[in-house]
Every structure is written in C-alpha cells, then in structure tokens.
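What follows is a single structure, written as structure tokens, with notes after it.
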Amino acid sequence: MHCQENLNVKFIVFEGLDGAGKSTLMRGLSHFLTHERINYIHTREPGGTPLSEEIRDIILRVDPKTAPVPRAELLLYEASRAQHVEQLIKPALKNGTWVLCDRFSASSTVFQGVARNLGINTVEWLNDFATESLKPDLTVLLDLSVEESLKRKQAKAQHNGETLDRMEQESADFHTKVREGFLKLASEQPNWLVLDAAKDSLKLVSELTSHIRALDWCRQK
1135 MHCQENLNVK FIVFEGLDGA GKSTLMRGLS HFLTHERINY IHTREPGGTP LSEEIRDIIL
1195 RVDPKTAPVP RAELLLYEAS RAQHVEQLIK PALKNGTWVL CDRFSASSTV FQGVARNLGI
1255 NTVEWLNDFA TESLKPDLTV LLDLSVEESL KRKQAKAQHN GETLDRMEQE SADFHTKVRE
1315 GFLKLASEQP NWLVLDAAKD SLKLVSELTS HIRALDWCRQ K
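Take the position in the sequence shown, starting the count at 1, then add 1134; the result is the number in the numbering used here.
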C-alpha cells in the first residue's frame, strides 16, 4: 500500500550515542519512504551545507592546540545549525520534501548542556535562536549502552582505517551523561520514540515504520 499523496511534510531526527545505528536506520526508513512515493533528503549535524561542513571539521578534528573550549564548541554547533536550517532544512520542508536528519538540537542539549555542564536552559535558548524554534515532528532515540557504543565505534574506525573524532574520544563518564540526558529528554518531551539499539537493524526499521504508519502520516490505499 502506498501513500496517495504527500499531505504532511515531516522532519524526522535520529539521536543517540555514536555507533547506535542512526545511519543504518535512516537508510531503512529511506527504503520505506521510496516505497511510499514520498520525497525525502538525508542530512546531518553538524553539517549539511558547505559552511556547516567546514564548521564540522573544526569541531571534530583531533588537535589539542585548536580544540574549542566548551562555550565556543556550543556556539560553533549553533552557527552550523543556523546555516543548516536556513539553507537546507526549511527550504526542503517548504518544497514538500521530508527531511531525515542525523542529530539536531537535542544533541546540543545533552552533549553541551548536560555533559559539558553549560546548562540546559542556556542551550535550549540558543537552539531556538539558531533554528527559529523549528522542532522535529519525530525524534527517534536509538538507546545503546556506553560499552556497546565504544565497541562499535572502535570496530568501525578500525575497519575504515580511521581514528575516533574528538567527541567520540570523550570519556565513558561523559557518554554516560549523554545517554542519561537523552533518556530524560525522551521521557519529558512529546514526539519521541525510543528504540533499543541492541536489536537487529531490520527489527528496528520495522518498529519505526510501524510507528509512522500508526501516526497516519501516510494515506493508504
């Protein structure tokens, strides 16, 4: 059964620890949307536009001499996000295209607001300023243990002949705070779906697409 027409343009964000399988789940949802004849784009944060990708490189590169202090790190993320929203996300939504985004403002709330201890209220104010209060229609949280996240990150880096980026190299305590921050947001805010990232990827795709169908975002024949 296919969507008759794209009546409701949606902005879907994928959050979670690195290695949780966000990219894999996004690809699975892409196949579903293609089957439903829904136009969509993939994007990511930090990144998504030429300037935002340049800022991404500054934030994530491993160089102690140029690593931003926490407040500068937060502002770099917000600068990247403002450009991303203005140049890519809002135009796509206005054009009737669904947007699938790997990370968005919730990541800043937990990484900088919670784990960096900059304060949730401060970060959320900056999030609203950078996005002009744009909110996802659905945030999918892939919940994974810190131990499994590290194992997956290291395996991926070794397979690709890469090193972990600056954020990936943060301590287990840092990532524990991030995980707890995500789960707290998911329990307090509407429009979140928490999935167990330890499950098989096909099972996760099935759970997500079933959730989207239950929301009646597609008219079915």
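In this text, a Cβ means the ideal position worked out from N, Cα and C, and glycines have one as well.
Pair within 7 Å by beta-carbon distance, LEU1234 and TYR1174: Within the sequence shown, numbered from 1, the residue matching residue 1234 stands at position 100. Within the sequence shown, numbered from 1, the residue matching residue 1174 stands at position 40. Against a cut-off of 7 Å, the Cβ pair of TYR1174 and LEU1234 comes out as a contact.
Beta carbon of ASP1236 nearer than 7 Å to that of ARG1178: If you number the sequence shown from 1, residue 1236 lands on position 102. If you number the sequence shown from 1, residue 1178 lands on position 44. Result yes, Cβ atoms of ASP1236 and ARG1178 sit closer than 7 Å.
GLY1150 vs ARG1286 beta-carbon contact at 7 Å: The residue labelled residue 1150 in the question sits at position 16 within the sequence shown. The residue labelled residue 1286 in the question sits at position 152 within the sequence shown. Their beta carbons are not under 7 Å apart, which means GLY1150 does not touch ARG1286 by this criterion.
Residue(s) in a DSSP beta bridge with ARG1178: Here residue 1178 corresponds to residue number 44 of the sequence shown, with the count starting at 1. Per DSSP, ASP1236.
With 16 other Cβ atoms within 10 Å as the buried cut-off, status of PRO1198: Counting from one through the sequence shown, the residue named residue 1198 turns up at place 64. Taking every protein chain shown into account, the CB of PRO1198 has fewer than 16 other CB atoms within 10 angstroms, so this residue is exposed.
Opposing strand residues paired with GLU1356 [DSSP bridges]: This structure cannot settle anything about residue 1356, because the visible part of the chain is limited to 1135 through 1355.
Neighbourhood of VAL1248 by C-beta, 6 Å cutoff - its chain only, sequence neighbours within 5 removed: Taking the sequence shown and counting its residues from 1, the one referred to as residue 1248 is at position 114. So the qualifying residues of the chain are LYS1311 and GLY1315.
Touch test, the segment 1243-1259 against the segment 1200-1208, Cβ-Cβ under 8 Å, three pairs minimum: yes
GLU1304 versus TRP1232: straight-line alpha-carbon distance, rounded: Indexing the sequence shown from 1 puts residue 1304 at position 170. Indexing the sequence shown from 1 puts residue 1232 at position 98. Roughly 33 Å separates the two Cα atoms.
Separation of ALA1201 from ASN1140, as counted between CA atoms: For the purposes of this step, residue 1140 is taken as residue 6 along the sequence shown, with counting starting at 1. For the purposes of this step, residue 1201 is taken as residue 67 along the sequence shown, with counting starting at 1. With a pLDDT of 43 at ASN1140, under the threshold of 50, the predicted position of this residue should be treated as unreliable, though the coordinate-derived value follows. Approximately 44 Å, taken between the alpha carbons.
Inter-residue spacing [alpha-carbon to alpha-carbon] between ASP1299 and PRO1225: By one-based count along the sequence shown, residue 1299 stands at place 165. By one-based count along the sequence shown, residue 1225 stands at place 91. In a straight line, the C-alpha of ASP1299 is about 30 Å away from that of PRO1225.
Validate contact between the segment 1185-1192 and the segment 1257-1277 using beta carbons, cut 8 Å, 3 pairs: no
Local conformation of TRP1259 per DSSP, three classes: The residue given as residue 1259 occupies position 125 in the sequence shown. Note: TRP1259 maps to helix in three-state DSSP.
GLN1303 Cβ short of 6 Å to the ligand ADP heavy atom set: For the structure depicted, the ligand ADP is absent and the ligand set is empty, with no information on it obtainable.
Cβ separation of VAL1196 and THR1297, assumed to be a contact under 8 Å, to the nearest whole Å: On the sequence shown, position 62 is the one that residue 1196 refers to. On the sequence shown, position 163 is the one that residue 1297 refers to. THR1297 and VAL1196 do touch by the CB rule: their CB atoms are close to 7 Å apart, below 8 Å.
Among VAL1143, VAL1147 and GLY1155, the one whose alpha carbon lies nearest that of SER1283: Along the sequence shown, read from residue 1 onward, the residue named residue 1283 stands at position 149. Here the closest residue by C-alpha is GLY1155.
7 Å Cβ cutoff met for LEU1327 and VAL1274: As a first step, residue 1327 is located in the sequence shown; it is residue number 193 there, counting from the start. As a first step, residue 1274 is located in the sequence shown; it is residue number 140 there, counting from the start. For LEU1327 and VAL1274, yes; Cβs fall inside 7 Å.
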